[in-house]
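What follows is a single structure, written as structure tokens, with notes after it.
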Amino acid sequence: MKVSGVVLSLVLIIAALCCQVHASPGKYPWSFHPYHPGRYGECSLIYGPSTPTTCCFEFTTRKIPLKLVVSYEITSSRCAKEAVIFVTRRGFQICTNPKEQWVQDIRNHLDKKNAKTQSP
Numbered sequence: 084m085k086v087s088g089v090v091l092s093l094v095l096i097i098a099a100l101c102c103q104v105h106a107s108p109g110k111y112p113w114s115f116h117p118y119h120p121g122r123y124g125e126c127s128l129i130y131g132p133s134t135p136t137t138c139c140f141e142f143t144t145r146k147i148p149l150k151l152v153v154s155y156e157i158t159s160s161r162c163a164k165e166a167v168i169f170v171t172r173r174g175f176q177i178c179t180n181p182k183e184q185w186v187q188d189i190r191n192h193l194d195k196k197n198a199k200t201q202s203p
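When we follow this note's numbering, the leftmost residue of the sequence shown carries the number 84, and every step to the right adds one.
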């Protein structure tokens with residue numbers, strides 16, 4: 084009985100860490116953030132041999148200004164939809180469609196910027 088309680092606690096902690104962006108304080112509550120699609124459906128945990136994975140189920144419909152984006156990550160191949168998750172200056176994670184030209188432009192800009200800072 085103790086083991087199942089510990090496992091349940093661990094699962095809840097991991098879920099809270101994965102989806103912490105929804106509870107982040109800031110100028111906008113997450114559901115009203117101007118670049119968020121308006122639902123909580125984009126965060127999901129997938130368990131496997133490694134750490135949990137964040138997957139996107141929907142994409143923002145608005146273009147994100149380049150000046151707001153500090154980094155990005157590509158979702159795991161274990162996710163149903165391929166997506167690019169942009170991280171903003173305020174720490175918001177925003178799911179975007181990797182096939183959109185503006186998403187590719189921001190990725191290219193960030194890649195070039197990171198290449199310059201890593202060069203000797």
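Note that beta-carbon positions come from the ideal geometry of N, C-alpha and C, so glycine has one too.
For residue i, which beta-bridge partners are listed by DSSP?
i    : result
S160 : DSSP, once it has assigned bridges, lists no residue as partnering S160.
T171 : V152
S139 : A quick correction: the sequence has Cys, not Ser, at residue 139. None, per the DSSP bridge assignment.
Less than 7 Å between C-beta atoms, sequence neighbours within five positions excluded: which residues of the same chain meet that for residue i?
i    : result
L149 : I189, H192
L151 : T171, R172
V186 : V167, T179, N180
T200 : none
Spatial neighbours of residue i within its chain, please: CB distance less than 8 Å, with the 5 preceding and 5 following residues excluded, ordered by chain position.
i    : result
Y155 : V167, I168, F169, V170, I189, R190, L193
E165 : I157, T158, P181
Looking at residue j and residue i, is the spacing between their C-beta atoms short of 8 Å?
i    : j    : result
T179 : T136 : no
Looking at the secondary structure, which residues open and close the beta strand (DSSP E) in which residue i lies?
i    : result
I177 : 176–179
In terms of residues, what are the limits of the alpha helix (DSSP H) holding residue i?
i    : result
K195 : 184–201
Identify, in the order they occur along the chain, each residue of the same chain with its Cβ nearer than 6 Å to the Cβ of residue i, setting aside the five sequence neighbours on each side.
i    : result
S159 : T136
G153 : It should be pointed out that residue 153 corresponds to Val in this sequence rather than to Gly. Here the set comprises V170, R172.
Is there a Cβ of chain D sitting closer than 8 Å to that of residue i, yes or no?
i    : result
A166 : Absent from the structure: chain D. Only one protein chain is present.
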